[in-house]
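Inspection log for the structure reproduced underneath, given as structure tokens.
Numbering (our numbering), first residue to last: 714 to 1146.
Written out as structure tokens, the structure reads:
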């Protein structure tokens, strides 16, 4: 069934392309690289290639859209720099969808209907991606907005879901989601409000029902309030709870930067419940922040500023298992500045220090980097170097030097030598279209 749906999507795109060539968008990338590492007598050579192709199509003034995303089923790491033995079986259709905007009957409410790869983001605690199915979103019915989806069977069987958002008050948002598969029924509620100027309150709860456990209303919940005391001064406070052993199914993946509101679910916790408070301000060019999280038994205090071209920063992470057991886990501090040695040559110099409380060791790191513009033949050459040490001993000294260069012919070259890992050379090319 899944193959037939994919073939139908491809056939529909091919049939529609001649009709709406003006709405055809093709993009992609081909990348190949090789990495050579020599550490002592050991020599390692690792080639690799990546391939991606995206095909988009729109028609009817962008009210009908389709998309296909192809790529290698897995990264290639074999004896070939550019693998020539790739077959159709190595090419994976990673995403395919057709969606349209419009009503299901004359005079009915507008909606967006999608067939193919789903991207459900009802909330960070009610999400589903990279699954094939059907979704309907953005249906406005007077005081509510409705959404729904169906996903084809996978590890947890068929998946059905719906979302409703109330549109009653301008400063109040209330929504509810239900996601059901063959094992669990996930009920998720969230709300946000701004009752006073500068005050924002929000909360979320996710409760699962299974045949064995029944309904557990304490699976996961969090509530948070933030208040802007003055310009550039904000305080936050809240509480969060998660049941021991809770499986984050249908919770969005951890973000790359690690600063999303749901990232805490994917981190190892010291406790299952706890308060959290935070404070941020900027006074006379100095940024100050402090926060405490009881769930992770951790507190952070930091500051940063810039003065006459120098950038200063410091942060201390404290372990707070109990008031009587506060101990410093790490303290990092640093200063950096870019110095213009001469016209066309600037050096970005920095110093960083890190104190590890458990190891009772202070590591100093001095670094510098620059981009050469003086020599036309290697214009844009990036050079970097750093030296680190924790004590006055040659055995404790670490160093690393490197260079990166994008050649005029499009080849990216790089070399790095570190005391701990040896010398690594890499070269590669990437073509995007």
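Glycine included, every Cβ here is placed at the ideal spot set by N, Cα and C.
If residue 1085 and residue 1096 are in contact, beta carbons under 8 Å, what's the gap, nearest whole angstrom? Within the chain shown, the letter at position 372 stands for residue 1085. Within the chain shown, the letter at position 383 stands for residue 1096. Yes, residue 1085 and residue 1096 are in contact; Cβ-Cβ is about 7 Å, under 8 Å.
Cβ pair residue 783, residue 766 closer than 7 Å: Taking the first residue of the chain shown as 1, we reach residue 783 at position 70. Taking the first residue of the chain shown as 1, we reach residue 766 at position 53. Taking a C-beta distance under 7 Å as the contact criterion, residue 783 and residue 766 qualify as a contact pair.
Measuring CA to CA, which of 779, 762 and 840 is closest to residue 737? Position 24 of the chain shown holds residue 737. Nearest option by C-alpha distance: 779.
Three-state secondary structure (DSSP) of residue 1106: Against the chain shown, residue 1106 aligns to sequence position 393. Of the three classes helix, strand and coil, the one that applies to residue 1106 here is coil, per DSSP.
Three or more beta-carbon pairs under 8 Å between the region 955 to 963 and the region 930 to 940, yes or no? yes
Let me check understanding here. Comparing Cα to Cα, which of 748, 985, 1046 and 923 lies closest to residue 699? In the structure as shown, the chain begins at 714 and stops at 1146. Residue 699 is therefore absent and cannot be evaluated.
What do you reckon, are the CB atoms on residue 1153 and residue 1044 nearer than 7 Å? Residue 1153 lies beyond the residue range present for the chain, which begins at 714 and ends at 1146; the question has no answer from this structure.
Should the region 1032 to 1041 be called in touch with the region 1051 to 1062, which here means at least 3 C-beta pairs below 8 Å? no
Would you say the region 910 to 919 touches the region 935 to 953, given that touching needs at least three Cβ pairs under 8 Å? yes
Measure the Cβ-Cβ separation of residue 859 and residue 846 and say whether it is below 7 Å. Numbered from its first residue, the chain shown carries residue 859 at position 146. Numbered from its first residue, the chain shown carries residue 846 at position 133. Contact: no.
DSSP beta-bridge partners of residue 752: Looking up residue 752 in the chain shown gives position 39. Answer is 755, bridged to residue 752.
Would the region 818 to 828 count as touching the region 877 to 890 if we require 3 or more Cβ pairs under 8 Å? no
Could you pull the DSSP bridge partners for residue 892 from this structure? What you label residue 892 is simply residue 179 of the chain shown in a count that begins at 1. In the DSSP output, where bridge partners are listed per residue, residue 892 has 874 and 899.
Please confirm if the region 1021 to 1032 is in contact with the region 964 to 973, defined as three or more CB-CB distances below 8 Å between the two stretches. no
Any idea what DSSP makes of residue 1126, helix, strand or coil? Translated into the one-based positions of the chain shown, residue 1126 becomes position 413. Strand.
Under 7 Å Cβ to Cβ from residue 880, same chain only, skipping five residues before and after it: list those, please. Residue numbering aside, residue 880 sits at position 167 when the chain shown is read from its first letter. Result list for residue 880: 856, 857 and 858, in chain order.
Based on the DSSP secondary-structure assignment, which residues constitute the bridge partners of residue 1162? No statement about residue 1162 is possible, as the shown extent of the chain runs from 714 to 1146 and does not include it.
Is DSSP giving residue 866 helix, strand or coil here? If you number the chain shown from 1, residue 866 lands on position 153. It is a strand residue.
Alpha carbon of residue 910 to alpha carbon of residue 948, nearest angstrom: Numbered from its first residue, the chain shown carries residue 910 at position 197. Numbered from its first residue, the chain shown carries residue 948 at position 235. The straight-line gap from Cα to Cα measures roughly 14 Å.
Cβ-based neighbour list, residue 1057, same chain, cut-off 7 Å, excluding 5 preceding and 5 following: The residue you call residue 1057 lines up with position 344 of the chain shown. Excluding positions up to five away in sequence, the list reads 1086 and 1087.
Is the region 1004 to 1015 close to the region 982 to 996, with three or more CB pairs under 8 Å? Touching, per the Cβ criterion.
Between 748, 769 and 763, which has its C-alpha nearest residue 740's C-alpha? For the purposes of this step, residue 740 is taken as the residue at position 27 of the chain shown. Taking only the C-alpha atoms, the option nearest residue 740 is 769.
In terms of residues, what are the limits of the beta strand (DSSP E) holding residue 884? Numbered from 1 along the chain shown, position 171 holds the residue referred to as residue 884. Neither: residue 884 is in no beta strand (DSSP E) and is coded neither H nor E.
Hey, quick one: how far does the beta strand (DSSP E) through residue 1081 stretch, first residue to last? Counting from one through the chain shown, the residue named residue 1081 turns up at place 368. 1074 to 1084 is the extent of the beta strand (DSSP E) around residue 1081.
Residue 1072: which of 1042, 1048 and 1098 sits nearest, CA to CA? Walking along the chain shown from the start, residue 1072 turns up at place 359. Distance check between residue 1072 and each of 1042, 1048 and 1098 places 1042 closest, using alpha-carbon atoms only.
Please report the distance separating the alpha-carbon of residue 812 from that of residue 983. By 1-based counting over the chain shown, the position of residue 812 is 99. By 1-based counting over the chain shown, the position of residue 983 is 270. One C-alpha to the other measures close to 44 Å.
What number of angstroms, rounded off, separates the C-alpha of residue 1123 from the C-alpha of residue 1063? Translated into the one-based positions of the chain shown, residue 1123 becomes position 410. Translated into the one-based positions of the chain shown, residue 1063 becomes position 350. Their backbone Cα atoms lie some 31 Å apart in a straight line.
When you compare only the Cα positions, how much space is there between residue 875 and residue 862? Residue 875 sits at position 162 when you count from the first residue of the chain shown. Residue 862 sits at position 149 when you count from the first residue of the chain shown. Distance between the alpha carbons of residue 875 and residue 862 is about 6 Å.
Own chain, CB closer than 7 Å to residue 777, minus 5 neighbours either side, in chain order: For this step, residue 777 is matched to residue 64 along the chain shown. Within the same chain, residue 777 has close Cβ partners 771 and 813.
Compare the beta carbon distance of residue 975 and residue 837 with 7 Å and say whether it is the shorter of the two. As a working note, residue 975 is residue 262 in the chain shown. As a working note, residue 837 is residue 124 in the chain shown. Closer than 7 Å, so yes.
From this set, 920, 1059, 991 and 1070, which residue's C-alpha is nearest residue 1094's C-alpha? Along the chain shown, one-based indexing puts residue 1094 at 381. If we check each option's Cα against that of residue 1094, 1059 comes out closest.
Taking residue 1114 as the reference, give the member of 822, 1001, 1138 and 747 with the closest Cα. Within the chain shown, numbered from 1, the residue matching residue 1114 stands at position 401. If we check each option's Cα against that of residue 1114, 1138 comes out closest.
Taking only the alpha-carbon atoms, compute the straight-line gap between residue 1046 and residue 742 and give it to the nearest angstrom. If you number the chain shown from 1, residue 1046 lands on position 333. If you number the chain shown from 1, residue 742 lands on position 29. The alpha-carbon separation between residue 1046 and residue 742 amounts to approximately 40 Å.
Roughly how far, in whole angstroms, is the beta-carbon of residue 706 from the beta-carbon of residue 872, given that I think they are within contact range, below 8 Å? Missing from the structure shown is residue 706; the chain here goes from 714 to 1146 and no further.
Give me whichever residues DSSP pairs with residue 970 in a beta bridge. Taking the first residue of the chain shown as position 1, residue 970 is located at position 257. Partner(s): none; residue 970 has no beta bridge.
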